[in-house]
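Novice: The sequence shown runs 7 to 646 under this note's numbering.
Below you will find the structure I want to go over with you.
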Amino acid sequence: MSKLLKIDFPSLLHRIPFGPRQGKIAVVLIFSLCWLSIVLVRSQVARDPAALDASSLLGLASALQQGAISGRDFQSMYGPAAQILAWIATMATTTRSALDAYGMITFVFCAASALIAAVMLLICDRISWQQCAIFYAFSVLLNLFFDVFDVRTLLLLLNAAFAYRTIAAETVPRQTAWATASGLLCFVSQLVSLELGICAAIAVVCGLIAGSALTRNAVVLLEVEVFVATLAAANLGLVVLFKLTSSSYGLLFDYHNYAFEILRGFHNSMGTLWALSLVKTLVLLVVSLYVLSMCVVAAWEYDPLNASLLACFAFAAVMWLKTALVSSDISQIASAFAPMIVIFSLLATIEWSFLHRRIAWFAACVLILVWPSLNLSAPLDLLKLMRGEPSAKTSIRNIYATPKPMDASLQASLVTPDLADRRQVSILAFPYDNYISAGLRRPFFAPVLESYAASTEPLERYYVRALDSQRRAGLEIVYGLDKGLVPPVGGLQAITRSPIVFEYLYKNFEIVNSEEHADGHYILRPRRQPRDAAMEPMRFSILQQVVDSGTLKLKAPSTCGLVQLEIRIGYTKNPRIFRPSGMELKITNSNQFVWQGFVRPLAPDEAFVTYISPLPPRAFHKVFGEGPVQSMEWDKVEYR
Numbered sequence: 007m008s009k010l011l012k013i014d015f016p017s018l019l020h021r022i023p024f025g026p027r028q029g030k031i032a033v034v035l036i037f038s039l040c041w042l043s044i045v046l047v048r049s050q051v052a053r054d055p056a057a058l059d060a061s062s063l064l065g066l067a068s069a070l071q072q073g074a075i076s077g078r079d080f081q082s083m084y085g086p087a088a089q090i091l092a093w094i095a096t097m098a099t100t101t102r103s104a105l106d107a108y109g110m111i112t113f114v115f116c117a118a119s120a121l122i123a124a125v126m127l128l129i130c131d132r133i134s135w136q137q138c139a140i141f142y143a144f145s146v147l148l149n150l151f152f153d154v155f156d157v158r159t160l161l162l163l164l165n166a167a168f169a170y171r172t173i174a175a176e177t178v179p180r181q182t183a184w185a186t187a188s189g190l191l192c193f194v195s196q197l198v199s200l201e202l203g204i205c206a207a208i209a210v211v212c213g214l215i216a217g218s219a220l221t222r223n224a225v226v227l228l229e230v231e232v233f234v235a236t237l238a239a240a241n242l243g244l245v246v247l248f249k250l251t252s253s254s255y256g257l258l259f260d261y262h263n264y265a266f267e268i269l270r271g272f273h274n275s276m277g278t279l280w281a282l283s284l285v286k287t288l289v290l291l292v293v294s295l296y297v298l299s300m301c302v303v304a305a306w307e308y309d310p311l312n313a314s315l316l317a318c319f320a321f322a323a324v325m326w327l328k329t330a331l332v333s334s335d336i337s338q339i340a341s342a343f344a345p346m347i348v349i350f351s352l353l354a355t356i357e358w359s360f361l362h363r364r365i366a367w368f369a370a371c372v373l374i375l376v377w378p379s380l381n382l383s384a385p386l387d388l389l390k391l392m393r394g395e396p397s398a399k400t401s402i403r404n405i406y407a408t409p410k411p412m413d414a415s416l417q418a419s420l421v422t423p424d425l426a427d428r429r430q431v432s433i434l435a436f437p438y439d440n441y442i443s444a445g446l447r448r449p450f451f452a453p454v455l456e457s458y459a460a461s462t463e464p465l466e467r468y469y470v471r472a473l474d475s476q477r478r479a480g481l482e483i484v485y486g487l488d489k490g491l492v493p494p495v496g497g498l499q500a501i502t503r504s505p506i507v508f509e510y511l512y513k514n515f516e517i518v519n520s521e522e523h524a525d526g527h528y529i530l531r532p533r534r535q536p537r538d539a540a541m542e543p544m545r546f547s548i549l550q551q552v553v554d555s556g557t558l559k560l561k562a563p564s565t566c567g568l569v570q571l572e573i574r575i576g577y578t579k580n581p582r583i584f585r586p587s588g589m590e591l592k593i594t595n596s597n598q599f600v601w602q603g604f605v606r607p608l609a610p611d612e613a614f615v616t617y618i619s620p621l622p623p624r625a626f627h628k629v630f631g632e633g634p635v636q637s638m639e640w641d642k643v644e645y646r
């Protein structure tokens with residue numbers, strides 16, 4: 007008879023080496039699994055595919071399925087790296103439809119955030135397992151990195167971590183290797199979004215310079231050259247590849263030129279008012295100043311490498327604050343301040359050694375309770391999965407195998423008698439709603455994926471050239487009326503953001519069915535002959551005018567439903583640095599309200615031409631018909 011083998015588990019555990027490094031790996035692994043579990047639960051939540059982020063992601067995935075690459079074949083705020091990630095998520099679903107894959111896309115992007123956070127913590131040898139645990143605790147309680155595009159924030163911090171490893175490398179070859187890796191990582195970050203690439207490049211260069219001073223190692227300055235050279239070579243290789251692989255790609259650096267134009271257009275026309283209350287804003291500023299002051303103190307009191315690590319993260323955090331100065335809604339403010347909270351979590355064990363600093367750190371913890379996204383939803387989501395509500399298997403099946411068709415009423419409004427013969431005709435959703443093109447399973451077309459950012463003349467000209475070329479090959483447009491999905495910048499109409507594009511559509515496309523649709527979407531098809539726009543000048547007198555406001559009185563009342571304006575908005579502060587505000591317009595008839603909206607500067611400090619329409623939004627589609635479209639009678643325009 008054989009005897010059962012006896013295993014002495016306590017003795018076996020003692021033989022397994024388990025030091026600080028192993029403890030850190032265990033903490034990162036456990037919390038990463040918890041992170042993925044939370045993301046899996048949240049991926050089940052029904053999301054609006056018409057939201058701006060969703061519209062971009064679905065458009066990116068649909069375009070790559072047809073072989074169109076962001077930056078080469080069309081322009082977008084997000085580059086090829088984000089596009090590939092969205093495409094991978096789409097191809098992992100059973101239907102391989104971008105609309106059905108939105109839950110999977112959300113999961114993949116958030117899972118990438120968890121992976122990047124784990125890599126960042128593991129490669130920073132100066133971060134202990136206690137600091138890792140505190141970092142994850144803050145991330146869970148404050149909901150720091152659970153949105154789709156929070157991957158950008160963590161990529162920025164990973165760039166800072168690579169800069170630190172360049173400084174900490176013990177030999178010149180290792181420093182050069184890390185500097186080269188930093189350049190490649192910054193290039194990948196740029197391929198996610200140009201704004202991220204710019205912030206990462208500046209943060210890395212500043213971090214390396216600071217690290218050279220803190221460690222008194224001049225060789226680190228040479229690695230700045232390696233970093234810049236690697237980044238430049240990667241960009242040159244990319245544009246050469248674009249030029250060689252696409253007959254429609256124009257000048258060699260068009261990718262960079264149009265990417266900068268999108269940033270400029272977003273800066274000029276997409277700004278929103280600061281949404282956080284004054285008290286909460288002051289609290290966040292106080293905590294940020296505390297964090298930055300501790301990073302400065304580290305330069306004198308701490309080990310040079312510890313100080314270098316904090317300096318690299320501090321430069322990244324300061325650069326990322328800029329992202330809250332254009333679109334200043336709550337979610338963007340939280341994202342912009344998130345790197346400060348990461349540094350704050352790293353300071354926990356460092357400040358623990360001194361009583362007065364310990365008190366200051368705990369006081370800052372109390373202040374952070376005003377964090378915009380503070381709640382216990384993340385732990386509760388984890389508990390749901392642990393209780394099997396739903397089970398992990400069901401959750402996974404829901405995101406990769408559950409079809410999510412478009413709304414039935416929307417589909418019905420887009421049906422035409424000859425639809426079967428036009429399945430292969432490309433379709434463009436304008437001004438946004440890219441999910442419609444993805445849901446219709448027809449060839450996807452979008453010269454600028456986020457048309458609301460195509461508000462500079464070079465981008466609009468690019469858009470019109472692409473439209474004109476595709477119109478000859480076959481194109482239909484799903485025109486969606488303004489309904490407030492673009493961030494709330496007042497009554498800023500799509501025709502005001504992109505007047506050149508609208509003018510081209512107005513002259514070259516006509517509506518298929520002018521009956522009013524409850525969903526606000528209408529099919530436009532190319533006209534046989536472009537129509538002439540009959541322009542009637544409006545004579546007016548100035549009733550009142552001061553520096554930044556005035557009232558214009560028409561010589562005769564008008565019922566014009568489409569008004570072309572030539573405006574110049576001047577600024578005392580540099581609009582390239584500070585967010586330019588717009589101009590509010592109010593149209594009345596004998597002091598009776600007719601219409602109110604905003605105009606944003608398409609060219610700050612310069613004259614520009616744009617359009618407004620005093621028509622009710624539900625009636626605007628009639629401008630693409632044959633007859634004249636009249637609004638209520640009006641005779642006065644007030645601006646301020």
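For each residue, glycine too, the CB sits at the ideal point set by N, CA and C.
#1: Looking at the structure shown, is Lys390 part of a helix, part of a strand, or coil, going by DSSP?
#2: Taking Cβ positions, are Glu516 and Phe436 nearer each other than 7 Å?
#3: Residues in its own chain within less than 6 Å of Ala185 by CB, not counting five upstream and five downstream?
#4: Please list the segments of the alpha helix (DSSP H) lying wholly inside the region 241-296, counting only runs of 4 or more residues, in order along the chain.
#5: Could you tell me which whole alpha helix (DSSP H) segments of length 4 or greater appear in the region 323-365?
#6: Could you say which of Glu267, Ile374, Leu242 and Phe37 lies nearest to Ser294 if we only look at CA atoms?
#7: Rounded to a whole number of angstroms, what is the C-alpha to C-alpha distance between Pro396 and Phe113?
#8: Are Thr557 and Ser637 closer than 7 Å when you measure CB to CB?
#9: If you drop the 5 nearest sequence neighbours on each side, which residues of the same chain put their C-beta closer than 6 Å to that of Pro378?
#10: Do Ser504 and Ser555 have their C-beta atoms closer together than 7 Å?
#11: Measuring straight from C-alpha to C-alpha, what distance separates Leu391 and Leu164?
#12: Which first and last residues belong to the alpha helix (DSSP H) in which Gln89 is found?
#13: Please classify Cys212 as buried or exposed, where buried requires at least 16 other C-beta atoms within 10 Å of its C-beta.
#14: Any idea what DSSP makes of His627, helix, strand or coil?
#15: Give me, in chain order, the residues of the same chain whose beta-carbon lies closer than 7 Å to that of Leu237; leave out the 5 immediate sequence neighbours on both sides.
#16: Would you call Tyr577 buried or exposed, if buried means 16 or more other Cβ atoms sit within 10 Å of its Cβ?
#17: Are the CB atoms of Ser383 and Arg141 within a distance shorter than 7 Å?
#18: With a 10 Å radius around its C-beta and 16 neighbouring C-beta atoms as the bar for buried, classify Asn597 as buried or exposed.
#19: Thinking Ser119 and Leu160 are a contact (beta carbons under 8 Å), I'd like their distance in whole angstroms, please.
#20: Would you say Gln417 and Phe451 are within 7 Å of each other, going by their C-beta atoms?
#21: According to DSSP, simplified to helix, strand and coil, what is Pro563?
#22: Going by beta carbon distance, what residues of the same chain come within less than 8 Å of Ala281, once the five residues before and after it are set aside?
#23: Consult DSSP for Gly445 and reduce its assignment to one of helix, strand or coil.
#24: Which of the three DSSP states, helix, strand or coil, is assigned to Thr100?
#25: Quick test of your reading: Leu380 and Leu147, contact by CB under 8 Å. State the CB separation rounded to the nearest angstrom.
#26: Roughly how many angstroms lie between the CA atoms of Ile129 and Val552, to the nearest whole one?
#27: So the alpha helix (DSSP H) Ile374 belongs to, where does it begin and stop?
#28: From the DSSP output, in three-state form, read off Met7 for me.
#29: Return the chain-ordered list of same chain residues with a C-beta closer than 6 Å to the C-beta of Asn440, the five sequence neighbours on each side being excluded.
#30: For the beta strand (DSSP E) that Asp641 lies in, which residues bound it at each end?
#31: Identify, in the order they occur along the chain, each residue of the same chain with its Cβ nearer than 8 Å to the Cβ of Ile204, setting aside the five sequence neighbours on each side.
#32: In whole angstroms, give me the CA-to-CA distance for Val332 and Pro345.
#33: Starting from Lys513 and walking both ways along the beta strand (DSSP E), at which residues does that stretch end?
#34: DSSP three-state label for Asn595, please.
#35: Taking just the CA atoms, how far does Arg531 sit from Ile433?
#36: Give me the residue from Ala323, Gln89 and Ser619 with the minimum Cα distance to Gly73.
Specialist: Answer, in terms of the structure:
#1: Lys390 falls in the helix class under three-state DSSP.
#2: Glu516 places its beta carbon 7 Å or farther from that of Phe436.
#3: For Ala185, same chain residues with a beta-carbon under 6 Å away, outside a window of 5 residues either side, are Thr172, Glu229, Val232 and Phe233 in chain order.
#4: DSSP runs (the alpha helix (DSSP H)) wholly in the region 241-296: 260-275.
#5: Listed in chain order, they are 336-357.
#6: The shortest C-alpha separation from Ser294 is found at Ile374.
#7: The straight-line gap from Cα to Cα measures roughly 16 Å.
#8: Cβ distance not < 7 Å, so Thr557 and Ser637 don't count as in contact.
#9: Only Ile336 and Ala340 meet the Cβ criterion.
#10: For Ser504 and Ser555, no; Cβs fall outside 7 Å.
#11: Distance between the alpha carbons of Leu391 and Leu164: 29 Å.
#12: Under the DSSP assignment, Gln89 falls in the alpha helix (DSSP H) whose first and last residues are Pro86 to Met97.
#13: So Cys212 ends up on the buried side.
#14: Of the three classes helix, strand and coil, the one that applies to His627 here is helix, per DSSP.
#15: Same-chain partners within the cutoff: Gly189, Cys192, Phe193 and Ala207.
#16: It is exposed - the Cβ of Tyr577 has fewer than 16 other Cβ atoms within 10 Å.
#17: Checking the displayed sequence, the identity of residue 141 turns out to be Phe instead of Arg. No, Cβ-Cβ distance for Phe141 and Ser383 is not below 7 Å.
#18: Its Cβ having fewer than 16 others within 10 Å, Asn597 is exposed.
#19: At roughly 5 Å, the Cβ-Cβ gap stays under 8 Å, so Ser119 and Leu160 are in contact.
#20: Going by C-beta atoms, Gln417 is not nearer than 7 Å to Phe451.
#21: Of the three classes helix, strand and coil, the one that applies to Pro563 here is strand, per DSSP.
#22: Around Ala281: Ser334, Asp335, Ile336 and Ile339.
#23: Under the three-state reduction of DSSP, Gly445 is assigned to helix.
#24: In this structure, Thr100 counts as coil in the three-state DSSP scheme.
#25: Their Cβ separation, rounded to whole angstroms, is 7 Å, which keeps Leu380 and Leu147 in contact under 8 Å.
#26: The C-alpha of Val552 is placed about 60 Å away from the C-alpha of Ile129.
#27: If you look at Ile374, you'll find it isn't in any alpha helix (DSSP H); DSSP assigns it neither H nor E.
#28: Because the pLDDT at Met7 is just 41, under 50, the model does not fix this residue reliably, and the value given afterwards should be weighed accordingly. Met7 sits in coil when the DSSP states are folded into three classes, being neither helix nor strand.
#29: So the list reads Ser61, Leu64 and Gly65, once near-sequence residues are dropped.
#30: Element bounds for Asp641: Gln636 to Tyr645.
#31: Excluding residues within five positions, the ones whose Cβ falls inside 8 Å are Gln196.
#32: Going from the Cα of Val332 to the Cα of Pro345 covers about 18 Å.
#33: No beta strand (DSSP E) contains Lys513, which is instead part of the alpha helix (DSSP H) from Pro505 to Asn514.
#34: DSSP, reduced to helix, strand and coil, places Asn595 within a strand of the structure shown.
#35: Between Ile433 and Arg531, the C-alpha separation is close to 10 Å.
#36: Ranking Ala323, Gln89 and Ser619 by Cα distance to Gly73 puts Gln89 first.
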